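Please read the structure below before turning to the comments.
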Amino acid sequence: MLNVDSIDLFYGAAQALRKVSLTAELGRVTCVLGRNGVGKSSLLRAIVGQQPIRGGTVSLAGEDVSRLPTHARARRGIGYVPQGREIFPLLTVKENLHTGFAPVGRALRHVPEEVFDLFPVLKTMMHRRGGDLSGGQQQQLAIGRALVTRPKLLVLDEPTEGIQPSVIKDIGRAIDYLRGRGDMAIVLVEQYFEFARDLADSFAVMDRGAVVLAGARADMVEHEVRAHLSV
């Protein structure tokens, strides 16, 4: 589904990604791990089109989307849950969810019932403003908004950051359910090792803008991975 091949990314003269490669397959979770500032979020920005790459390619379902703008990639099935959630605080939960209608056709402009099955709290808060929700509720809203776009590839940037343990479990169950559907590839960026380990089918560990460890979960050597996560 997703193939990132040897991409380079710069912010001005500073190189943030160095020959990074990554794959994600339908029905599987690919976890990207690493400390702050090693390029994880930059990789996601390259995938969704928020930041241009200078070398390499990003392909989705066999199509090179490297030069497509963000909205065109969304129409091709990339759903993005950014770090920090980035919901609209003055819009209601319902209005926030409806912003996910932008990349889909008129026939699909309704909120799938599974969004409320996964996150029942959203159904009870449809008319509350996004800014009045707790951090965990906002994260559930951000994931729900991405699911409204009917993604083939779901990209999540540290969804457990600053979230209470009970909601982390809810998010983990939601990701596991979406994986089990078999029609969606998932890329998950995390620093919380246990959460990533329990969900990952494959993993990539980043350091200084490059992938330094990668493989299947069965091949993951915990102490080697943790060495790249400790400060």
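Numbering (the UniProt record's numbering), first residue to last: 1 to 231.
Positions of the beta carbon are idealized from the N, C-alpha and C atoms, including for glycine.
Remember, it's a predicted structure, so these values are computed and weren't measured experimentally.
{"query": "Considering just the uninterrupted stretch of the beta strand (DSSP E) at Glu-190, what are its terminal residues?", "result": "185 to 190"}
{"query": "Any heavy atom of the ligand ZN within a distance shorter than 8 Å of the CB on Gly-37?", "result": "This structure does not include the ligand ZN; it has no bound ligands of any sort."}
{"query": "How many Å lie between Gly-144 and Ala-13 at the Cα?", "result": "37 Å"}
{"query": "Give a yes or no on whether the C-beta atoms belonging to Gly-49 and Lys-152 are separated by under 9 Å.", "result": "no"}
{"query": "Measuring CB atoms only, is the stretch 184 to 191 touching the stretch 100 to 119, in the sense that at least three cross pairs come out at less than 8 Å?", "result": "no"}
{"query": "Which of the three DSSP states, helix, strand or coil, is assigned to Leu-108?", "result": "helix"}
{"query": "Give every residue of the same chain whose Cβ lies closer than 6 Å to the Cβ of Asp-5, excluding the five residues on either side of it in the sequence, and list them in chain order.", "result": "Ser-21, Gly-56 and Thr-57"}
{"query": "In angstroms, rounded to a whole number, what distance separates the CA positions of Gln-140 and Asp-157?", "result": "13 Å"}
{"query": "Specify, as a first and last residue, the run of the beta strand (DSSP E) that Gly-56 falls within.", "result": "55 to 60"}
{"query": "Does the Cβ of Gly-130 have 16 or more other Cβ atoms within 10 Å, making it buried, or fewer, making it exposed?", "result": "buried"}
{"query": "If you reduce the DSSP assignment to three classes, tell me which class Val-167 lands in.", "result": "helix"}
{"query": "Kindly provide the ranges of any alpha helix (DSSP H) runs that are 4 or more residues long and lie completely inside the stretch 2 to 65, ordered along the chain.", "result": "40 to 48"}
{"query": "Considering only residues of the same chain and omitting the five flanking positions on each side of Ala-18, which have a CB-CB separation below 7 Å?", "result": "Note that residue 18 corresponds to Arg in the displayed sequence, not to Ala. Closer than 7 Å at the Cβ level, and outside the excluded window around Arg-18, lie Asp-8, Gly-209 and Ala-210."}
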